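Q:
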Amino acid sequence: MIARPAVPAKWRTWGVVLAAVIGFAISPATVLFYTLGLFIDPLHSAFGWDRAQVSLAIPIFTGAVALSMPVVGLAIDRLGPRRVLLWSIMLYGGGLSGAFLVDDLNSFYIMFLLLGIGCAGANSITYTRLLTVWFDRNRGKAIGIASSGMGLGMLIMPPIIDHMIGVAGWQWAYCVVGLVVLSLGLPAAGLLIVDTPQEAGLEPEPPAASAALSQAVMLTLRQSMTTRQFWLILTCFVGIAGSTNAIAIHLAPMLLDLGASSAVAAAAVSAFGAAMLAGRLVMGWLVDRFFAPFACAFVFGASTIAIVALAMGLPMGWAIVAAICVGFSAGAEGDVLGFLIGRYFGITHYARIYAVIFMAYLLSVSALPYLLAQIFETVGSYRPGLWMCAALNLMSVACLSAMGPYGSTTRTGKRA
Numbered sequence: 015m016i017a018r019p020a021v022p023a024k025w026r027t028w029g030v031v032l033a034a035v036i037g038f039a040i041s042p043a044t045v046l047f048y049t050l051g052l053f054i055d056p057l058h059s060a061f062g063w064d065r066a067q068v069s070l071a072i073p074i075f076t077g078a079v080a081l082s083m084p085v086v087g088l089a090i091d092r093l094g095p096r097r098v099l100l101w102s103i104m105l106y107g108g109g110l111s112g113a114f115l116v117d118d119l120n121s122f123y124i125m126f127l128l129l130g131i132g133c134a135g136a137n138s139i140t141y142t143r144l145l146t147v148w149f150d151r152n153r154g155k156a157i158g159i160a161s162s163g164m165g166l167g168m169l170i171m172p173p174i175i176d177h178m179i180g181v182a183g184w185q186w187a188y189c190v191v192g193l194v195v196l197s198l199g200l201p202a203a204g205l206l207i208v209d210t211p212q213e214a215g216l217e218p219e220p221p222a223a224s225a226a227l228s229q230a231v232m233l234t235l236r237q238s239m240t241t242r243q244f245w246l247i248l249t250c251f252v253g254i255a256g257s258t259n260a261i262a263i264h265l266a267p268m269l270l271d272l273g274a275s276s277a278v279a280a281a282a283v284s285a286f287g288a289a290m291l292a293g294r295l296v297m298g299w300l301v302d303r304f305f306a307p308f309a310c311a312f313v314f315g316a317s318t319i320a321i322v323a324l325a326m327g328l329p330m331g332w333a334i335v336a337a338i339c340v341g342f343s344a345g346a347e348g349d350v351l352g353f354l355i356g357r358y359f360g361i362t363h364y365a366r367i368y369a370v371i372f373m374a375y376l377l378s379v380s381a382l383p384y385l386l387a388q389i390f391e392t393v394g395s396y397r398p399g400l401w402m403c404a405a406l407n408l409m410s411v412a413c414l415s416a417m418g419p420y421g422s423t424t425r426t427g428k429r430a
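The numbering used here numbers the first residue of the sequence shown as 15 and each following residue consecutively.
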């Protein structure tokens, strides 16, 4: 393990946020999930696989992550985020070199299965648990700044990957990304992360006035599952995560079908990432100042309109603009899930509660991109799938609108 150097305690807070920014930038979602569309054509050229076959790697990968979530949540609550992150980053970064062992479709799927198990602890559950313990008054801002790293990663990684694919092939692209993960992730987790403020000699941040009621809520997983809010949050994020991530995965081939070059498609994926970055920063600011479910419902409603516009068949330029709107929404949902769990259920059993909701989230993320690919292969168009995504977005807006105020659950999980 990496030993931490002596650092003045006052710098620890910013070190934790910086480590989380780096972690989100090199997270599995950034490196594996959102960039898979860039590999679809190279894999088709190398092996003859169609879009549905390549996209099936996503449900295999996210299914493996999802099934690992209960164990990861328990490990985070018992061992602390730092140790979980160090092991996961090593397995995840090193596992990307497995691309050189891929010689058929089954070995491609096995690589994604093993990566899903190995990287499970290097996901948002670990970073949001860390930040939820460190921050209260500025929790939304801290999560927003940290998770903006995912948008930053999406802004930087697609052009690098596209260049590496063109110069050295898809296998070297994955290998180089693995080296980036290890060289950035291990020092960030090992040197900058401290599990709690008390461990760094600091007092926890005072609570925000608007969160006073939520401070008394310390629900267990079982108690949380008896509340209406638990199932509304789960349903909301199953819908929004599935729809926005399906569009993100298929954005590059969607634009290629409209006549874009691979460079333009990669630039559009980067623009999607930039919009995610903006969404995370803006939503982090909003949820500290306004009622989070309503603020998020407004953003998700706007992205629903953008998806409807995509489904109606916009020209390429406007399609990119609509996709950027969806990217902003994808960034917003990344902030709000952890924020809502902390506000409605408390932080004592945060990781285990997050793990169960995130497991459902990941199952949706795994199914929808593959379903969208199957719809395309069946009817030769993304339009029916985009209408499905718009309906899921609308369902999420309805769930957020029915949440009720913070502190509306008690220790027993019943309405106060």
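Backbone N, C-alpha and C define an ideal beta-carbon position, used for all residues, glycine too.
Since the structure is predicted, the reported quantities are computational estimates derived from the model, not experimental observations.
For Cys339, which of helix, strand or coil comes out of DSSP?
A: Taking the sequence shown and counting its residues from 1, one reaches residue 339 at position 325. DSSP places Cys339 in helix when its eight states are reduced to three.
Q: Inspect the beta-carbon positions of Met373 and Ser257 and report whether they are closer than 9 Å.
A: In the sequence shown, residue 373 corresponds to position 359, counting from 1. In the sequence shown, residue 257 corresponds to position 243, counting from 1. Taking 9 Å as the Cβ cut-off, Met373 and Ser257 do not qualify as a contacting pair.
Q: How about the region 84-101 and the region 358-378: do they share at least three Cβ pairs that are nearer than 8 Å?
A: yes
Q: For the candidate residues Asp118, Arg97, Gly158, whose alpha-carbon lies nearest to that of Ala136?
A: Position 122 of the sequence shown, counting from 1, holds the residue named residue 136. Looking at the Cα atoms, Arg97 is the closest of the given residues.
Q: How long is the line joining the alpha carbons of Leu144 and Met326, rounded to whole angstroms?
A: Residue numbering aside, residue 144 sits at position 130 when the sequence shown is read from its first letter. Residue numbering aside, residue 326 sits at position 312 when the sequence shown is read from its first letter. Distance between the alpha carbons of Leu144 and Met326: 42 Å.
Q: With three or more beta-carbon pairs closer than 8 Å as the criterion, would you say the region 307-317 touches the region 378-389?
A: As far as the Cβ criterion goes, the region 307-317 does not touch the region 378-389, which means the pair count is below three.
Q: Relative to the C-alpha of Ala80, which candidate in Tyr396, Leu400, Gly394, Leu377 has its C-alpha closest?
A: Residue 80 sits at position 66 when you count from the first residue of the sequence shown. Comparing Cα positions, the closest option is Leu377.
Q: Of all the options Val68, Leu235, Ala60, Ala280, which has the alpha carbon lying nearest to the alpha carbon of Glu391?
A: Within the sequence shown, residue 391 is the residue found at index 377, counting from 1. For the residues Val68, Leu235, Ala60, Ala280, the minimum Cα distance to Glu391 belongs to Val68.
Q: From which residue to which residue does the alpha helix (DSSP H) around Ser275 run?
A: Along the sequence shown, read from residue 1 onward, the residue named residue 275 stands at position 261. Counting along the chain, Ser275 falls outside any alpha helix (DSSP H), and DSSP gives it neither H nor E.
Q: Smallest Cα separation from Met104: which of Ala113, Arg357, Ala134, Asn120?
A: Your numbering for residue 104 matches position 90 in the sequence shown. Considering only alpha carbons, the answer is Ala134.
Q: From the DSSP output, in three-state form, read off Leu233 for me.
A: Residue numbering aside, residue 233 sits at position 219 when the sequence shown is read from its first letter. Here Leu233 sits in coil by DSSP.
Q: What span of residues does the alpha helix (DSSP H) with Ser197 cover, start to end?
A: Translated into positions along the sequence shown, residue 197 becomes position 183. It spans 184-201 - the alpha helix (DSSP H) in which Ser197 sits, taken as one unbroken run.
Q: Pick helix, strand or coil for Ile263, following the three-state DSSP scheme.
A: Here the question's residue 263 lines up with position 249 in the sequence shown. Helix, per DSSP.
Q: Report the residue ranges of all beta strand (DSSP E) runs contained in full by the region 268-324; include only those spanning at least 3 residues, in chain order.
A: none
Q: Which runs of the alpha helix (DSSP H) fall wholly inside the region 92-132 and span at least 4 residues, in chain order?
A: 95-109, 119-132
Q: What do you get for Ser228, buried or exposed, if any count of 16 or more other CB atoms within 10 angstroms of its CB means buried?
A: As a first step, residue 228 is located in the sequence shown; it is residue number 214 there, counting from the start. Its pLDDT being 48, under 50, Ser228 is placed unreliably by the model, and nothing is read from it.
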